[in-house]
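Notes follow once the structure below has been shown.
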Amino acid sequence: MKRRVNLGIAVCTIVLWGIMSGVCGAEVSIKGVKLVGSFHTCPNTDAIKKMIPAFEAKYGAKVTIVEETYATMHERQMSEFIAHTAAYDLIEYPYQWLADMPVGV
Numbered sequence: 019m020k021r022r023v024n025l026g027i028a029v030c031t032i033v034l035w036g037i038m039s040g041v042c043g044a045e046v047s048i049k050g051v052k053l054v055g056s057f058h059t060c061p062n063t064d065a066i067k068k069m070i071p072a073f074e075a076k077y078g079a080k081v082t083i084v085e086e087t088y089a090t091m092h093e094r095q096m097s098e099f100i101a102h103t104a105a106y107d108l109i110e111y112p113y114q115w116l117a118d119m120p121v122g123v
């Protein structure tokens with residue numbers, strides 16, 4: 019039994035390694051893609067905004083950050099998720115909100 023478990027773990031590891039080497043080694047083109055992020059207004063978001071120009075220059079994507087207070091961010095994110103509008107590509111949320119996230123999002 020132990021040998022089967024070890025063999026299963028080894029096979030899964032090799033398969034995942036193969037998949038990841040293909041994905042991680044491949045050059046991904048997102049040129050022209052528009053990404054929208056929903057973030058809380060805070061110093062962390064300021065740091066992210068400073069990194070955006072370098073990201074846009076390297077990958078050719080356009081990034082837009084929507085900054086909101088926690089109250090408005092929660093209300094808006096939940097509304098967008100429930101309506102399946104795909105309004106956001108990137109989100110920030112406190113882990114306490116995880117239980118509020120709609121199923122299937």
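The opening position of the sequence shown corresponds to residue 19 in my numbering, with each subsequent residue numbered one higher.
Heads up, the beta-carbon is just placed ideally off N, CA and C, and yes, glycines get one too.
A quick note: this is a predicted structure, and the numbers were derived from the prediction, not measured.
{"Asked": "Would DSSP call I109 helix, strand or coil?", "Found": "strand"}
{"Asked": "Please name the residue in M91, L108, I100, A75 whose C-alpha comes closest to that of L53.", "Found": "L108"}
{"Asked": "Compare the C-alpha of A65 against each of G78, K80, E85 and name the closest.", "Found": "E85"}
{"Asked": "Using three-state DSSP, classify C30 as helix, strand or coil.", "Found": "Below a pLDDT of 50, predicted positions are generally treated as unreliable, and C30, at 48, falls in that range; no measurement from the model is reported."}
{"Asked": "On the criterion of 16 or more Cβ atoms from any shown chain inside 10 Å, does Q114 qualify as buried, or is it exposed?", "Found": "exposed"}
{"Asked": "How would you call V51, buried or exposed, if buried means at least 16 neighbouring beta carbons within 10 angstroms?", "Found": "exposed"}
{"Asked": "Spatial neighbours of K67 within its chain, please: C-beta separation below 7 Å, excluding the five flanking residues on both sides.", "Found": "I83"}
{"Asked": "Between G55 and Y106, which are expected to be in contact by the criterion C-beta below 8 Å, what is the C-beta distance as a whole number of angstroms?", "Found": "6 Å"}
{"Asked": "In the structure shown, what three-state DSSP assignment does T63 receive?", "Found": "helix"}
{"Asked": "For M69, count the other beta carbons within 10 Å of its own beta carbon; 16 or more makes it buried, fewer makes it exposed. Which is it?", "Found": "exposed"}
{"Asked": "Once you ignore the five residues that flank F73 on each side, which residues in its own chain have a CB closer than 8 Å to its CB?", "Found": "A79, V81"}
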